[in-house]
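S.K.: I have a structure I would like to understand better, so I am pasting it below and will then ask my questions one at a time.
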Amino acid sequence: MTPQGFSFASTFNIVSGFYILFFVISLVLGVYVYVKNQGNSVARVFLLLSIALAILHFGEIFFSWSGFREDAFFFTKIKSIGFVFWWPLMLNLFLLMRDRNVSSKWKILLIVLYLYSAVCVLSFFLGYSHASDYIRTGNIWIDKPYWSPIGIPYLFMMPLCLFLDFWLLFTMHFRAKQESNVLLYQQTKVMIIFGIPFAALGMLMNIVFPMLGVIVPSVGHLFIGLWICVIGYAIVRYRYLVPTLEFASRQIFTIAGEMIVITDLQYRITEYNLAFAHTLGGPVPANTPLQQIVDGLESDFFTESGSSSVANGIGYISLQDRPVVYVNVKKSFLYDKNLRIGVVFVLGDITDLHTLNEGLERKVAERTRDLESAKTEAERRLAITAVYTRRSIVDVIESGGDPRTFAPKNKTVAVLFSDMRDFTGISESLSPIETVQMLNCYFDRMNECILANRGEIDKLIGDCIMAIHTDVESALNAAIDMRQALRSLNDSGLSSSRINNGIGINFGEVVAGNIGSSDKMDYTVIGDIVNSASRIEALTKYYRLPVLVSEDVYHCLAGRYAFRFIDRVLVKGRKTPLALYECFDYETDAIRKLKTDSVDEYAHLYALYEAGDFRKAGAGYADLCKRFGPHTYYDGVSKDPVLDFYLERCRRLEKIRDEGGLVSWNGVFEFKEK
């Protein structure tokens, strides 16, 4: 019978309002976490937990709203689905967070809890387990507890599940701290901080007070619901590691053409760029171990051992119905407040280089018989070189010293790099033996120039020479002599193709010391001066100028040699630009006079170029090209090839600016290649 004056509006209260709000929040949060985490096992269980919470809140809405005792009993049955099942569901969630592969013992416990929960809910619907009565007090119902034999174990299941929940959270929290896993550490920290007070309030309001006869609204579910909302927040908030990692990933993703992959500390993929997806032919499932995709790396590459945060390796990507891609893998740990939070991988495609190497290996295999004598000679020289790397080291050994005991020290030296141009093209026209003979003859002449100017050969890298001089003038004299010796070498007809090389010189402080292991040591120099010298040498092929030096070299020798300013460039690995100068004392008298006479005009044209007046600068470079005339040995360029270089660059930059691609210009050109 409907009470006189009854209406839903008269029984609506703030508790009903809260449950309506939490009903909506539970469903929305569950779906959001599921979508955000791409439907992984943790997200699936959290979605079920949110649905259980929503069912509970749905029942609570009408339980607290209705004015009929029969409704109170009915909606208690609806509520039972949620408040009975959420305890095993929450335990299941924390077990999956700790380990995606739940052990058999835990699975058995979960099965028992789920089966008991189903029996308990069924007993509610059959009228076997529910409150003995409900009394309306003001705008709320107060139940008179009655615990059936089936319902009594529920009193033990709740504290058991709650104890196991917090035990799992604390063990995960301390393990994450030991392993420096900031993702799991932050997740569990948030869950523990909010879980303790919310769980205590929930148990107090819904279990302890009713057992003590204290009449209070049954709003403990709201506090448990708040805790579950916090759990969902923690799962989503730390799904993408931490903000530092997000910032890092956005920065490194700007590297054009490189494959970028970010993983967690278990090397499961969390982020990747389009280049990686393109190589694999589509998206990568979340949490896929990177080692399942990239093969061929050293066994300890996917470990956290060692103090170094950076590692390199060569591997390959082999997928069904797609060609094998060989990659140079660079790995670096990412940190936040001295804690490792993830790993970033940069994968460079070296398939073409690998294919070229395979082709060269096949050619070498075909000519093995012809190379036996050359191989014997090369091995003899390599064996000697492995022991006696430079004259000064040999002198120490001969005098009874042990160079292995040398301590690292700072030294001010001039570093010279020289590299043969188009070595592959030259060697293709020669037999293997002729190639070795040509290289030996070339190195003999070049090394003679270095040694004659008080220099030391630090190392030979393929067709590249690295030399050290104690003073900058001897290094420049060596470069001039090397160019003149090369002219003589070409005139002798050593090769059917004309041999050319590039030389780069830098001057400054380096660290000299032994680099290597106890059974293989290399006494060498390292530092920014060395790296910059290598970059300067590499730039000679762009400007088509044989000898380029740094600003430090120029300032030491300005006025004593023929120099001219070439460019200001930003090379890979440096944050400040390099000023480049050409030394052309090695040139013939005619070319040297042309360059000397045009120094002022050249400086004027560069000023126009630096100011961004590419049209006027280009016209001036074109006029100078005509004045110099065509190159003696190379078609399509003038006797001063750098003029052609700037003419081409001015035209290209002008076109880019006309198309709207050149937003700003400071006169510094950036070379992204090494």
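Last residue of the sequence shown: 1486 in this note's numbering, with the numbers rising by one and none dropped.
Where is the CB? At the ideal position from N, CA and C, for every residue including glycine.
Treat the numbers as computed from the prediction; the structure is a model and nothing was measured.
Where DSSP assigns a beta bridge to Asn1140, which residues make up the other side?
M.R.: One-based indexing of the sequence shown puts residue 1140 at position 328. DSSP output for Asn1140 lists Ile1126 and Gly1160 as bridge partner(s).
S.K.: If I'm right that Cys1462 touches Gly1430 with Cβ under 8 Å, what's the distance once you round it to whole angstroms?
M.R.: Within the sequence shown, the letter at position 650 stands for residue 1462. Within the sequence shown, the letter at position 618 stands for residue 1430. 4 Å between Cβ atoms; contact.
S.K.: Assuming contact is defined by CB atoms lying nearer than 8 Å, are Thr1388 and Gly1320 in contact in what I supplied?
M.R.: Taking the sequence shown and counting its residues from 1, the one referred to as residue 1388 is at position 576. Taking the sequence shown and counting its residues from 1, the one referred to as residue 1320 is at position 508. Contact flag unset, no.
S.K.: Is it true that the CB of Lys891 sits closer than 8 Å to the CB of Leu868?
M.R.: One-based indexing of the sequence shown puts residue 868 at position 56. One-based indexing of the sequence shown puts residue 891 at position 79. Cβ distance < 8 Å, so Leu868 and Lys891 count as in contact.
S.K.: Going by the beta-carbon positions, is the gap between Leu1159 and Val1073 smaller than 8 Å?
M.R.: As a working mapping, residue 1159 is identified with position 347 in the sequence shown. As a working mapping, residue 1073 is identified with position 261 in the sequence shown. In this structure, Val1073 lies closer than 8 Å to Leu1159 by Cβ.
S.K.: Per DSSP, Asp1107 forms a beta bridge with which residues?
M.R.: Working through the sequence shown from its first residue, we reach residue 1107 at position 295. Answer by DSSP bridge pairing, in chain order: Tyr1128.
S.K.: Between Gly1479, Met1333 and Ala1123, which lies nearest to Glu1110 when the distance is taken from Cα to Cα?
M.R.: Here residue 1110 refers to the residue found at position 298 of the sequence shown. It is Ala1123.
S.K.: Which ranges does the beta strand (DSSP E) cover as unbroken runs of at least 3 residues, wholly within the segment 1379-1448, from first to last along the chain?
M.R.: 1390-1395
S.K.: Give the secondary structure of Gly829 by DSSP, where H, G and I count as helix, E and B as strand, and everything else as coil.
M.R.: Locating residue 829 in the sequence shown gives position 17, counting from the first residue. It is helical.
S.K.: For Arg1295, which of Ala1324, Ser1239 and Met1232 has the nearest alpha-carbon?
M.R.: Stepping through the sequence shown from its first residue, residue 1295 is reached at position 483. Ranking the options by Cα distance to Arg1295, first place goes to Met1232.
S.K.: Quickly, what does DSSP pair Phe968 with across the bridge? List them, please.
M.R.: Working through the sequence shown from its first residue, we reach residue 968 at position 156. In DSSP, Phe968 forms no bridge with anything.
S.K.: Considering only C-alpha positions, which residue in the set Trp899, Asp1293 and Leu1013 is nearest to Tyr926?
M.R.: Position 114 of the sequence shown, counted from the first residue, corresponds to residue 926. With distances taken between Cα atoms, Tyr926 lies closest to Trp899.
S.K.: Helix, strand or coil: which one does DSSP assign to Val1454?
M.R.: One-based indexing of the sequence shown puts residue 1454 at position 642. Residue state, collapsed to three classes: helix.
S.K.: Whose C-beta lies closer than 8 Å to the C-beta of Ile1378 among residues of the same chain, with five residues either side of it excluded?
M.R.: Translated into the one-based positions of the sequence shown, residue 1378 becomes position 566. Tyr1355, Leu1357, Leu1360, Leu1392, Tyr1393, Glu1394 and Val1454, listed in sequence order.
S.K.: Could you pull the start and end residues of the beta strand (DSSP E) that Lys1332 belongs to?
M.R.: In the sequence shown, residue 1332 corresponds to position 520, counting from 1. Note, Lys1332: beta strand (DSSP E), Lys1332 to Ile1338.
S.K.: Between the segment 1324-1344 and the segment 1366-1381, are three or more C-beta pairs nearer than 8 Å?
M.R.: no
S.K.: Going straight from the alpha carbon of Pro1442 to that of Ile1403, what length do you get?
M.R.: Here residue 1442 is taken as the residue at index 630 of the sequence shown, counted from 1. Here residue 1403 is taken as the residue at index 591 of the sequence shown, counted from 1. So the two alpha carbons sit approximately 12 Å from each other.
S.K.: For Val1323, which beta-bridge partners are listed by DSSP?
M.R.: In the sequence shown, the residue the question calls residue 1323 occupies position 511. DSSP, once it has assigned bridges, lists Asn1222 and Ile1338 as partnering Val1323.
S.K.: Starting from Thr1075, follow its DSSP beta bridges and name the residues at the other end.
M.R.: Position 263 of the sequence shown, counting from 1, holds the residue named residue 1075. Answer by DSSP bridge pairing, in chain order: Ile1081 and Val1155.
S.K.: The beta strand (DSSP E) spanning Val1361 covers which residue range?
M.R.: Stepping through the sequence shown from its first residue, residue 1361 is reached at position 549. Looking at the DSSP string, the run of the beta strand (DSSP E) that includes Val1361 is Val1359 to Val1361.
S.K.: Helix, strand or coil for Gly1037, going by three-state DSSP, please let me know.
M.R.: By one-based count along the sequence shown, residue 1037 stands at place 225. Note: Gly1037 maps to helix in three-state DSSP.
S.K.: Between the C-alpha atoms of Ser1119 and Tyr997, what's the straight-line distance to the nearest angstrom?
M.R.: One-based indexing of the sequence shown puts residue 1119 at position 307. One-based indexing of the sequence shown puts residue 997 at position 185. For Ser1119, the pLDDT reaches just 47, beneath the cut-off of 50, and the residue's location in the model is therefore unreliable, although a value from the coordinates is still provided. So the alpha carbons of these two residues sit roughly 22 Å apart.
S.K.: Considering just the uninterrupted stretch of the alpha helix (DSSP H) at Ala1011, what are its terminal residues?
M.R.: Position 199 of the sequence shown holds residue 1011. Counting along the chain, the alpha helix (DSSP H) containing Ala1011 begins and ends at Val994 to Met1015.
S.K.: Going by beta-carbon coordinates alone, are Ser838 and Gly1037 separated by less than 8 Å?
M.R.: Counting from 1 along the sequence shown, the entry for residue 838 is found at position 26. Counting from 1 along the sequence shown, the entry for residue 1037 is found at position 225. In this structure, Gly1037 lies closer than 8 Å to Ser838 by Cβ.
S.K.: For a test of the three-state rule: what should DSSP assign to Ala1098, helix, strand or coil?
M.R.: By one-based count along the sequence shown, residue 1098 stands at place 286. It is coil, neither helix nor strand.
S.K.: Tell me where the alpha helix (DSSP H) around Ile1269 begins and ends.
M.R.: Sequence index remark: in the sequence shown, residue 1269 carries index 457 (1-based). It is not in any alpha helix (DSSP H) - Ile1269 instead sits in the beta strand (DSSP E) that spans Gly1267 to Ile1273.
S.K.: For Thr1180, is the beta carbon positioned less than 7 Å from some heavy atom of the ligand FAD?
M.R.: This structure lacks the ligand FAD, and indeed carries no ligand of any kind.
S.K.: Only counting the same chain, and skipping five residues up and downstream in sequence, which positions put a Cβ closer than 7 Å to that of Ser929?
M.R.: In the sequence shown, residue 929 corresponds to position 117, counting from 1. Counting only Cβ-Cβ distances below 7 Å, and skipping sequence neighbours, we find Val896, Phe897 and Pro900.
S.K.: Does DSSP put Ser1308 in a helix, in a strand, or in coil?
M.R.: The residue you call residue 1308 lines up with position 496 of the sequence shown. Of the three classes helix, strand and coil, the one that applies to Ser1308 here is coil, per DSSP.
S.K.: Classify Gly1472 as buried or exposed, calling it buried when 16 or more other Cβ atoms lie within 10 Å of its own Cβ.
M.R.: What you label residue 1472 is simply residue 660 of the sequence shown in a count that begins at 1. The residue in question, Gly1472, is exposed, as its Cβ has fewer than 16 Cβ neighbours within 10 Å.
S.K.: Can you tell me the Cα-Cα spacing of Val1475 and Leu1417, whole angstroms?
M.R.: Taking the sequence shown and counting its residues from 1, one reaches residue 1475 at position 663. Taking the sequence shown and counting its residues from 1, one reaches residue 1417 at position 605. Roughly 22 Å between the two C-alpha positions.
S.K.: Please tell me whether Phe858 and Leu905 are closer than 8 Å, where the distance is taken between their beta carbons.
M.R.: To locate residue 858, count along the sequence shown from 1; it is residue 46. To locate residue 905, count along the sequence shown from 1; it is residue 93. Yes, the Cβ-Cβ distance between Phe858 and Leu905 is below 8 Å.
S.K.: Am I right that Val1155 and Val1106 are in contact with their C-beta atoms under 8 Å? What's the rounded C-beta distance?
M.R.: By one-based count along the sequence shown, residue 1155 stands at place 343. By one-based count along the sequence shown, residue 1106 stands at place 294. Contact doesn't hold; Cβ gap of about 12 Å is too wide.
S.K.: Among Ser1286, Leu907, Thr1115 and Phe986, which one has its Cα closest to the Cα of Leu1369?
M.R.: Translated into the one-based positions of the sequence shown, residue 1369 becomes position 557. The option with the nearest alpha carbon to Leu1369 is Ser1286.
S.K.: Go ahead and label Asp1412 buried or exposed: buried means 16 or more other beta carbons lie within 10 angstroms of its beta carbon, across all protein chains shown.
M.R.: In the sequence shown, the residue the question calls residue 1412 occupies position 600. By the neighbour-count rule (16 or more Cβ atoms within 10 Å), Asp1412 is not buried but exposed.
S.K.: Using the beta-carbon count (16 or more within 10 Å), is Asn1222 buried or exposed?
M.R.: On the sequence shown, position 410 is the one that residue 1222 refers to. Exposed.
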